[in-house]
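A.B. asks: Before we start, here is the structure in question, set down as C-alpha cells.
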Amino acid sequence: MHKSVLLEECLKYLNLQDDSIVVDATLGYAGHSSRILQEIPNGFLYAFDQDKEATICSNNRLKKIRSNYEIIHNNFIFLKEELTKRNINHIDAILFDLGVSSPQLDEDERGFSFHKDARLDMRMNQEQSLSAYQVVNEYEQEDLIRIFRKYGEEKYAVSIAKKIVEQRVKKPIATTLELVEIIKESTPEKYKREKHPARKVFQAIRIEVNQELSVFESALKQALSMVKLHGRICVITFHSLEDKICKEIFKDVSDLNPALKNMPVIPEAYLPPFKIIKTLTPSKQELEENKRARSAKLRVIERVKEG
Ligand SMILES: C[S@@+](CC[C@H](N)C(=O)[O-])C[C@H]1O[C@@H](n2cnc3c(N)ncnc32)[C@H](O)[C@@H]1O
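Its first residue numbered 4, the sequence shown is counted upward by one per residue in this note's numbering.
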C-alpha cells in the first residue's frame with residue numbers, strides 16, 4: 004500500500020475552495036486525490052497517471068467518494084494539451100508528487116527495486132518502448148557514464164559503465180540482480196558499507212527510462228501558465244535534481260528584477276507574477292512513520308498577478 008507523503012501539508016497549501024478546478028499530476032494510488040475530492044464538492048479534479056494499474060486502482064477508490072473527477076491515463080507532459088482538449092484553460096491548484104509509488108517499487112516484475120530479482124524494466128508507462136534493459140544493454144559506454152554521473156551523481160560511474168560493457172558482450176544483462184552484482188564488483192568494499200551500492204545507478208537508469216527531469220520541467224512550466232490568480236502549485240520532490248529544477252523555475256517567476264530592487268515604488272507591470280509561499284520537509288512524526296518521506300521536500304508557489 005502507498006502511504007501518501009506530506010498529505011496534510013498539501014491539503015493546507017493547495018488552498019482549495021468548494022468549486023476549485025484541481026489537477027493531481029501524479030494520481031498514484033489516490034492518497035492525495037481522495038482528500039482533494041472531498042474538499043471540492045462543486046469543483047472538478049483532473050488526475051493524471053501514466054501507469055495503467057494505478058489509474059484502475061485509483062478509480063475504484065475515487066468513485067466511492069463522488070463523481071466530479073476524471074482520470075487521464077497519460078504522461079503529465081501532455082498537461083496543457085489534455086486540459087485544453089476539455090476546454091480547461093485555467094486551473095485553481097495543481098499537485099506534483101513526483102517519483103514512483105510504493106506498489107511500483109514493491110511489484111517484483113516492474114524492475115524498479117535493487118532488492119528484488121526482476122527483468123530490467125523500470126517503465127512507469129508499461130506501453131512505452133524504452134526500458135532499463137535497452138539502456139543497460141544498448142547505450143554506449145560514454146552515455147552510461149553520463150547518465151550515472153548526471154542523474155545518479157555516482158562517483159564510480161566510469162568503472163560501473165566499463166564493467167557493464169564488458170559483461171554484456173559475453174551475455175546480455177537481463178535482470179536487476181545481475182546488474183546489482185556488476186555494480187558490486189565495480190565498487191570498493193568501503194562504498195558498499197555506506198548505502199546500497201546500486202542505489203544511485205538504479206535512480207539514474209529510472210530517470211533516463213522515464214525522462215523524468217525533462218518531462219517534469221516542461222509540465223511545471225505548463226502548470227505555471229495555467230494557474231489562475233491566487234491559484235497554487237504544490238510540488239513534492241524526492242531527490243536533489245528534481246528539487247533543483249523546481250527551485251530554479253520558482254525563483255525565475257517570483258524574483259524581482261534586481262535592477263528594480265532599490266526603487267521606492269515598483270510599477271505593477273514589473274512585479275513578478277508569482278510568490279513563493281512555503282518550502283518544507285516532513286515532520287519528525289511523519290519521518291518515523293514513513294520511510295519513503297525521508298528525502299521529500301514540498302515547495303509551494305502562488306500566482307499573485309494576472310498572467
Ligand atoms: C509518488 S506516486 C504518487 C502517489 C499519490 N500522490 C498518492 O498519494 O497515492 C507518483 C505517481 O506518479 C506517476 N507519474 C510519475 N511521473 C509521471 C508522469 N510523467 N506522467 C504521469 N504520471 C507520472 C507514477 O506512475 C506514480 O503512480
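Cβ coordinates follow ideal geometry from the N, Cα and C atoms, glycine included.
Look up Val25 in the DSSP assignment and say whether it is helix, strand or coil.
C.D. replies: The residue labelled residue 25 in the question sits at position 22 within the sequence shown. Three-state result, Val25: strand.
A.B. asks: Do three or more CB pairs link the segment 298 to 305 to the segment 237 to 246 at distances below 8 Å?
C.D. replies: The segment 298 to 305 is in contact with the segment 237 to 246.
A.B. asks: As a quick exercise: from Glu181, Leu232, Asn265, pick the residue whose alpha carbon is nearest that of Asp120.
C.D. replies: Taking the first residue of the sequence shown as 1, we reach residue 120 at position 117. Ranking Glu181, Leu232, Asn265 by Cα distance to Asp120 puts Glu181 first.
A.B. asks: Which term fits Ala262, buried or exposed, when burial requires 16 or more other beta carbons within 10 angstroms of its beta carbon?
C.D. replies: Taking the first residue of the sequence shown as 1, we reach residue 262 at position 259. By the neighbour-count rule (16 or more Cβ atoms within 10 Å), Ala262 is not buried but exposed.
A.B. asks: Sort out for me which residues DSSP pairs Pro100 with in a bridge.
C.D. replies: What you label residue 100 is simply residue 97 of the sequence shown in a count that begins at 1. Position check: residue 100 holds Asp in this sequence, whereas Pro was assumed. Note: Asp100 sits in a beta bridge opposite Ile239.
A.B. asks: Please indicate yes or no: does the CB of Gly31 lie closer than 7 Å to some heavy atom of ligand 1?
C.D. replies: For the purposes of this step, residue 31 is identified with residue 28 of the sequence shown, where counting begins at 1. Checking the Cβ of Gly31 against ligand 1 gives yes.
A.B. asks: How would you label Ile59, buried or exposed, when you count the other beta carbons within 10 angstroms and need 16 or more for buried?
C.D. replies: Translated into positions along the sequence shown, residue 59 becomes position 56. That one is exposed.
A.B. asks: Please tell me whether Gly102 and Ala135 are closer than 8 Å, where the distance is taken between their beta carbons.
C.D. replies: Here the question's residue 102 lines up with position 99 in the sequence shown. Here the question's residue 135 lines up with position 132 in the sequence shown. Taking the C-beta atoms as reference points, Ala135 is found no nearer than 8 Å to Gly102.
A.B. asks: Looking only at its own chain, which residues have a Cβ that is under 8 Å from the Cβ of Ser228, when we skip the five neighbours before and after it?
C.D. replies: To locate residue 228, count along the sequence shown from 1; it is residue 225. Once the five neighbours on either side are set aside, the close Cβ partners of Ser228 are Lys83, Gly310.
A.B. asks: Mapping DSSP to helix, strand and coil, what is Arg89?
C.D. replies: Position 86 of the sequence shown, counted from the start, is the residue given in the question as residue 89. Three-state result, Arg89: coil.
A.B. asks: With a threshold of 7 Å (Cβ to nearest heavy atom), would Met127 be considered close to ligand 1?
C.D. replies: Taking the first residue of the sequence shown as 1, we reach residue 127 at position 124. It does: the Cβ of Met127 is within 7 Å (strictly closer) of some heavy atom of ligand 1.
A.B. asks: Following the continuous alpha helix (DSSP H) through Thr179, name the residue where it begins and the one where it ends.
C.D. replies: Translated into the one-based positions of the sequence shown, residue 179 becomes position 176. Its alpha helix (DSSP H) spans residues 179 to 189.
A.B. asks: Hey, would you say the C-beta of Gly34 is under 7 Å away from at least one heavy atom of ligand 1?
C.D. replies: Here residue 34 is taken as the residue at index 31 of the sequence shown, counted from 1. Checking every heavy atom of ligand 1 against the Cβ of Gly34, one is found closer than 7 Å.
A.B. asks: Do you know offhand how far Asn128's Cα is from Ala207's?
C.D. replies: Counted from its first residue, the sequence shown places residue 128 at position 125. Counted from its first residue, the sequence shown places residue 207 at position 204. C-alpha separation (whole angstroms): 17 Å.
A.B. asks: Confirm, please, whether the CB-CB distance from Lys278 to Val307 is below 8 Å.
C.D. replies: Indexing the sequence shown from 1 puts residue 307 at position 304. Indexing the sequence shown from 1 puts residue 278 at position 275. Yes, they are a contact pair.
A.B. asks: Does the beta carbon of Asp109 fall short of 7 Å from some heavy atom of ligand 1?
C.D. replies: As a position in the sequence shown, residue 109 is number 106, starting the count at 1. Checking the Cβ of Asp109 against ligand 1 gives no.
A.B. asks: Going by other Cβ atoms of all chains shown within 10 Å of its Cβ, with 16 needed for buried, is Asp27 buried or exposed?
C.D. replies: Walking along the sequence shown from the start, residue 27 turns up at place 24. So Asp27 ends up on the buried side.
A.B. asks: So, helix, strand or coil for Thr58, using DSSP?
C.D. replies: Within the sequence shown, numbered from 1, the residue matching residue 58 stands at position 55. Three-state result, Thr58: helix.
A.B. asks: For Gln225, which residues in the same chain have their Cβ closer than 7 Å to its Cβ, ignoring the five residues on either side in sequence?
C.D. replies: By one-based count along the sequence shown, residue 225 stands at place 222. Closer than 7 Å at Cβ, skipping near neighbours: Leu82, Lys83.
A.B. asks: Just to confirm my understanding: we take Ile192, look at its own chain, exclude 5 residues before and 5 after, and list those with CB closer than 8 Å. What are they?
C.D. replies: In the sequence shown, residue 192 corresponds to position 189, counting from 1. At residue 192 the sequence reads Glu, which differs from the Ile that was named. Closer than 8 Å at Cβ, skipping near neighbours: no residue.
A.B. asks: Assign Pro285 to buried or exposed, taking buried as 16 or more other Cβ atoms, counted over all protein chains shown, within 10 Å of its Cβ.
C.D. replies: As a position in the sequence shown, residue 285 is number 282, starting the count at 1. Answer is buried; the Cβ neighbour count reaches 16.
A.B. asks: Should Gly102 be counted as a contact of ligand 1 given a C-beta to heavy atom distance under 7 Å?
C.D. replies: For the purposes of this step, residue 102 is identified with residue 99 of the sequence shown, where counting begins at 1. For ligand 1, at least one heavy atom lies less than 7 Å from the Cβ of Gly102.
A.B. asks: I'd like to confirm something about Asp124: is its beta-carbon nearer than 7 Å to some heavy atom of ligand 1, or not?
C.D. replies: The residue you call residue 124 lines up with position 121 of the sequence shown. Flag unset: Cβ of Asp124 not near ligand 1.
A.B. asks: If we count the other Cβ atoms within 10 Å of its Cβ and call it buried at 16 or more, is His35 buried or exposed?
C.D. replies: Counted from its first residue, the sequence shown places residue 35 at position 32. Buried, by the Cβ-count rule.
A.B. asks: I need the DSSP call for Tyr49, collapsed to helix, strand or coil.
C.D. replies: Counted from its first residue, the sequence shown places residue 49 at position 46. Note: Tyr49 maps to strand in three-state DSSP.
A.B. asks: Can you round the beta-carbon distance between Asp124 and Val25 to whole angstroms, since I take them to be within the 8 Å contact cut?
C.D. replies: Residue numbering aside, residue 124 sits at position 121 when the sequence shown is read from its first letter. Residue numbering aside, residue 25 sits at position 22 when the sequence shown is read from its first letter. 32 Å between Cβ atoms; not a contact.
A.B. asks: How would you label Ala160, buried or exposed, when you count the other beta carbons within 10 angstroms and need 16 or more for buried?
C.D. replies: Residue 160 sits at position 157 when you count from the first residue of the sequence shown. It counts as buried.
A.B. asks: Please state whether DSSP places Gly31 in a helix, a strand or coil.
C.D. replies: The count along the sequence shown starts at 1 and reaches residue 31 at position 28. Of the three classes helix, strand and coil, the one that applies to Gly31 here is coil, per DSSP.
A.B. asks: By Cβ distance below 6 Å, which residues in the same chain neighbour Asn62 in space, the five residues on each side in sequence not counted?
C.D. replies: On the sequence shown, position 59 is the one that residue 62 refers to. Correct list, in chain order: Ile74.
A.B. asks: Kindly examine ligand 1 and report whether one of its heavy atoms sits closer than 7 Å to the Cβ of Ile236.
C.D. replies: Indexing the sequence shown from 1 puts residue 236 at position 233. No, since every heavy atom of ligand 1 falls outside the 7 Å radius drawn around the Cβ of Ile236.
A.B. asks: Going by beta carbon distance, what residues of the same chain come within less than 8 Å of Thr190, once the five residues before and after it are set aside?
C.D. replies: Reading the sequence shown from its first residue, position 187 is the one you call residue 190. The residues are Tyr159, Ser162, Ile163, Pro200.
A.B. asks: Could you tell me the boundaries of the beta strand (DSSP E) in which Glu305 lies?
C.D. replies: Here residue 305 refers to the residue found at position 302 of the sequence shown. Element bounds for Glu305: 300 to 306.
A.B. asks: Should Asp52 be counted as a contact of ligand 1 given a C-beta to heavy atom distance under 7 Å?
C.D. replies: Your numbering for residue 52 matches position 49 in the sequence shown. Answer for Asp52: yes, Cβ within range of ligand 1.
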